[in-house]
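J.: Input: one structure, supplied below.
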Amino acid sequence: MSTDFIQLVVGGILLGGIYGLAAFGLSITFGVLNVLNLAHGEFLMLGSLLSYGLFVGLSINPFISAILVIPVFMVLGVGFYLLLLKPIMDKPPHQLLVASILVTLGASLFIEDVTSFFWERPVTGISYSLPPIELACVVISSTRLLILLFIFALACAMQLYLKNTFVGKSIRAIVQGREGAKVVGIPISRVSALAFSIGMALAASAGAFYVTLFTVTPVMGIPLTIKYLCVVVLGGLGSIVGSVFGGLILGVAETLTAYYCGAEWSPTIAFILLILILIIKPEGLFGAKK
Amino acid sequence: MNHGGKKIFYSIVLLLWAFLAALPFLGFSYGVVWVFLLVVYFTLALSYDIVGGYLGYMNLGHSTFFGLGAYTTAILLNQGFNLFSALLGALLLAAAFATVISYPLFRLRGAYFALATFGLISLIEVLTTNLRDLTGGSGGISTPPGDHTLASYYLVLAVAGVTMVLSRVVARSKFGLALFSIREDEEVAKAFGVPTTLYKGLALIISSVPASVVGGIYVWNMTYISPESVFGLEIALSPIIMAMLGGTGIMIGPLVGAVFITLVQEFLWTEVPYFHLAMYGTVLVLLGLFMPGGLVRTRWLKPVVQWLGLGEAVDYFENADAERIS
């Protein structure tokens with residue numbers, strides 16, 4: 102019983118790393134652009150498909166694809182920003198909200214439909230695994246452990262980048278106050294493009310790992326975006342540490358639900374957590390009180 | 582204001598209704614089925630607008646109420662209840678559900694509210710799929726057979742009419758004014774003594790009622806539903822696109838949007854078998870980029886709307902500077 106429990110928690114934490122990485126991307130986009138990107142999950146799905154294609158076609162290791170997808174999706178992200186988001190960024194807040202939901206939801210439906218037209222069969226994961234590690238009666242999948250370490254390293258690198266470089270500081274400055282950042286001469290539009298492309302690249306990178314663990318279908322984008330929203334709200338809006346912890350919590354909660362209540366109930370737990378956190382602590386676990 | 586224009590508007594609406602009511606006798610049997618669905622979507626769009634337009638909270642999960650209403654009605658009909666008590670049950674359940682979820686969900690604002698309500702659809706869909714004994718699971722549920730095409734057609738026309746009156750009454754009342762003030766600036770509205778939490782909840786409950794009743798009529802007509810057919814993307818997004826395309830926060834908006842979407846569907850959908858979702862997506866993107874205020878607020882239609890005496894709600898989009906995303 103207790104061994105089972107520890108085993109499940111460890112498994113959940115390893116799964117939660119992927120959630121955290123993608124939610125981190127969503128959070129950074131929202132922080133800088135004030136736009137919730139409803140197409141976030143679609144980029145994860147595209148990242149998964151690309152990584153799958155690289156594995157099947159060129160037998161490239163998913164860890165390498167996780168890095169390879171980053172520049173590809175950064176370019177796509179800049180394109181997406183310039184084409185669809187930049188034209189609406191100067192609208193007053195209420196119009197920006199409506200316009201951004203319409204644009205990102207529309208893009209999301211478009212990507213989903215076109216992808217499912219060309220990709221009819223669901224992709225049943227990459228058969229890539231390393232021998233498991235057994236540690237004091239708990240079996241740890243070493244693939245998942247490596248993924249978690251990789252994600253941890255990526256998150257640390259991101260954190261250092263945001264803390265120490267000039268561009269990173271200007272990203273954080275925009276998160277803290279858009280008007281103030283504009284006053285001190287930060288080129289809002291260029292930094293926004295960069296932040297958006299980083300968010301997208303993180304989603305795609307998470308997608309490269311996602312495909313090693315799960316079946317990927319073209320219609321999974323919107324449900325995933327909703328899941329990452331739950332993670333972001335759980336951790337606290339705009340908090341990077343929060344979204345990683347939120348991801349870990351959701352990973353553990355989903356694994357436990359699937360084991361004790363049955364796998365068909367695990368999709369509900371993200372939403373239940375969202376409702377709970379909104380009732381108990383609406384600003385999120387790591388969110389600053391407004 | 583321009584009372585002559587307003588009379589013309591009401592006459593047009595009444596004429597349209599009279600024409601639709603006469604439709605079954607003009608021999609368009611295909612038309613009746615088709616208009617039934619259109620009116621269902623229109624009613625959903627109109628009831629969505631009470632929260633999405635008047636209150637300014639984008640409730641992407643509006644079809645949850647539709648699905649709940651459809652399932653409740655189907656289950657009650659199977660238990661031997663007559664249609665009206667089944668519809669009443671559906672209405673009460675949806676209203677109760679709206680009451681329960683309004684408390685946590687209205688703590689979110691802006692895009693977060695929109696996405697969370699969108700997630701609500703899949704939550705209820707998972708629930709209906711999993712509670713097999715009650716709902717028949719993913720196999721769906723059938724109601725007692727019978728041809729209710731004509732009766733349900735008139736019923737849904739009546740419900741749509743009542744919803745239009747309801748929407749107008751809400752817009753004209755002090756309560757409606759409070760909703761508009763929340764849309765413009767929630768903090769200021771609160772400071773002026775508007776009980777925002779209560780009114781947001783009430784708005785959601787009011788908008789849930791027509792959606793659930795229409796859902797009930799839908800299942801009575803179709804005699805079979807599955808989780809996919811009532812919680813799917815098509816039924817979730819069509820009404821919202823109609824409302825946004827026409828223009829939110831103004832009653833004529835969903836009407837214009839419904840007519841426009843119907844024409845597009847008739848000419849495009851039937852010609853092209855693929856990419857329906859992608860086309861919806863493109864419409865959404867174009868709307869967001871070029872006219873988030875909807876058709877009624879474009880340069881060409883705005884003078885007409887103002888001449889019809891419905892201008893008061895047209896103007897708000899220009900000077901809206903409320904901080905939504907906090």
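These protein sequence lines map, in sequence, to chains S and C. Per our numbering, the first sequence starts with residue 102, numbered consecutively. Per our numbering, the second sequence starts with residue 582, numbered consecutively. Glycine residues also receive a C-beta, built at the ideal position from the N, C-alpha and C atoms.
#1: With DSSP collapsed to three states, give me the class of Ser340 (chain S).
#2: Taking buried to mean at least 16 other C-beta atoms within 10 Å of its own C-beta, is Ser331 (chain S) buried or exposed?
#3: Below 9 angstroms between beta carbons: does that hold for Leu811 (chain C) and Phe647 (chain C)?
#4: Considering Trp888 (chain C), what are the terminal residues of the alpha helix (DSSP H) in which it resides?
#5: Going along chain C, which residues have a C-beta under 8 angstroms from Leu379 (chain S)?
#6: Excluding sequence positions up to five away, which residues of its chain have a Cβ less than 7 angstroms from the Cβ of Ala901 (chain C)?
#7: Return the chain-ordered ranges of every beta strand (DSSP E) run that is complete within the segment 610-670 of chain C and spans a minimum of 3 residues.
#8: Helix, strand or coil for Tyr855 (chain C) per DSSP?
#9: Using a Cβ-Cβ cut-off of 9 angstroms, state whether Glu904 (chain C) counts as contacting chain S.
#10: Tell me whether the beta-carbon of Phe297 (chain S) lies closer than 9 angstroms to the beta-carbon of Tyr120 (chain S).
#11: Does Gly834 (chain C) have its Cβ less than 9 angstroms from a Cβ in chain S?
#12: Going along the chain, which residues of its own chain have a beta-carbon closer than 8 angstroms to the beta-carbon of Leu351 (chain S), five neighbours each way excluded?
#13: Suppose contacts are defined by Cβ-Cβ distances below 9 angstroms. Is Leu134 (chain S) in contact with Leu186 (chain S) by that definition?
#14: Name, please, each residue of chain C whose Cβ falls closer than 7 angstroms to the Cβ of Ala208 (chain S).
#15: When the Cα atoms are used, what is the spatial distance from Met259 (chain S) to Thr777 (chain C)?
#16: Using DSSP with H/G/I as helix, E/B as strand and the rest coil, what is Ser754 (chain C)?
#17: Throw me the rounded Cβ distance for the Phe125 (chain S) and Ile341 (chain S) pair, which I believe falls under 8 angstroms.
#18: I need the DSSP call for Val136 (chain S), collapsed to helix, strand or coil.
#19: Within 10 angstroms of the Cβ of Trp881 (chain C), are there 16 or more other Cβ atoms? Answer buried if so, exposed if not.
#20: With distances taken between CB atoms, is the gap from Gly207 (chain S) to Leu876 (chain C) smaller than 9 angstroms?
#21: Report yes or no: is there a C-beta of chain S within less than 9 angstroms of the C-beta of Met639 (chain C)?
#22: What would DSSP say about Ser242 (chain S), mapped onto helix, strand or coil?
#23: Is there at least one Cβ from chain C nearer than 9 angstroms to Phe251 (chain S)'s Cβ?
#24: Contact criterion: CB-CB distance below 9 angstroms. Does Thr829 (chain C) meet it with respect to chain S?
#25: Taking only three categories from DSSP, how would you classify Glu847 (chain C)?
#26: Quick check on Leu377 (chain S): buried or exposed, where buried means 16 or more other Cβ atoms within 10 Å of its Cβ?
#27: Please look up how many angstroms separate the CB atoms of Ala824 (chain C) and Gly838 (chain C), rounded, as I've assumed it's under 8 angstroms.
#28: List the residues of chain S whose Cβ lies closer than 9 angstroms to the Cβ of Phe606 (chain C), in chain order.
#29: Relative to chain C, which residues along the segment 160-189 of chain S have a C-beta separation below 8 angstroms, given in chain order?
#30: Taking the alpha helix (DSSP H) that Asp214 (chain S) belongs to, which residues open and close that run?
#31: May I ask whether a heavy atom of the ligand SAM can be found less than 8 angstroms away from the beta carbon of Val707 (chain C)?
#32: I want to know whether the segment 721-735 of chain C touches the segment 799-813 of chain C - three or more CB-CB distances under 8 angstroms.
#33: Please compile the residues from chain D whose C-beta is within a distance smaller than 8 angstroms of the C-beta of Ser201 (chain S).
#34: What are the start and end residues of the alpha helix (DSSP H) that includes Thr716 (chain C)?
#35: Starting from His729 (chain C) and walking both ways along the alpha helix (DSSP H), at which residues does that stretch end?
#36: Considering just the uninterrupted stretch of the alpha helix (DSSP H) at Pro368 (chain S), what are its terminal residues?
T.: According to the structure shown:
#1: coil
#2: A small correction: the amino acid at residue 331 (chain S) is Cys; Ser does not occupy that position in the sequence shown. Answer is buried; the Cβ neighbour count reaches 16.
#3: The identity of residue 811 (chain C) in the sequence shown is Val, whereas the question assumes Leu. Yes; because the gap between Cβ atoms is below 9 angstroms, this pair is in contact.
#4: 883-888
#5: Pro685, Leu686, Arg688, Leu689
#6: Since pLDDT at Ala901 (chain C) reaches only 41, below the 50 mark, its modelled position is unreliable, and no value is offered.
#7: none
#8: coil
#9: With a pLDDT of 35 at Glu904 (chain C), under the threshold of 50, the modelled position of this residue cannot be trusted, and the question is left open.
#10: no
#11: no
#12: Gly117, Tyr120, Lys328, Cys331, Val332, Leu335, Ile370, Ala371, Leu374
#13: yes
#14: Gly862, Val866
#15: 40 angstroms
#16: coil
#17: 6 angstroms
#18: coil
#19: exposed
#20: no
#21: yes
#22: coil
#23: no
#24: yes
#25: helix
#26: exposed
#27: 6 angstroms
#28: Chain S residues near Phe606 (chain C): none, gap ~39 angstroms exceeds 9 angstroms.
#29: Leu185, Pro188, Ile189
#30: 194-219
#31: By its list of ligands, the structure shown contains no ligand whatsoever, and the ligand SAM lies outside what it can speak to.
#32: yes
#33: Considering every chain present, this structure includes no chain D. Its protein chains are S and C.
#34: 713-716
#35: Premise fails: His729 (chain C) is in no alpha helix (DSSP H) and is neither H nor E.
#36: 367-381
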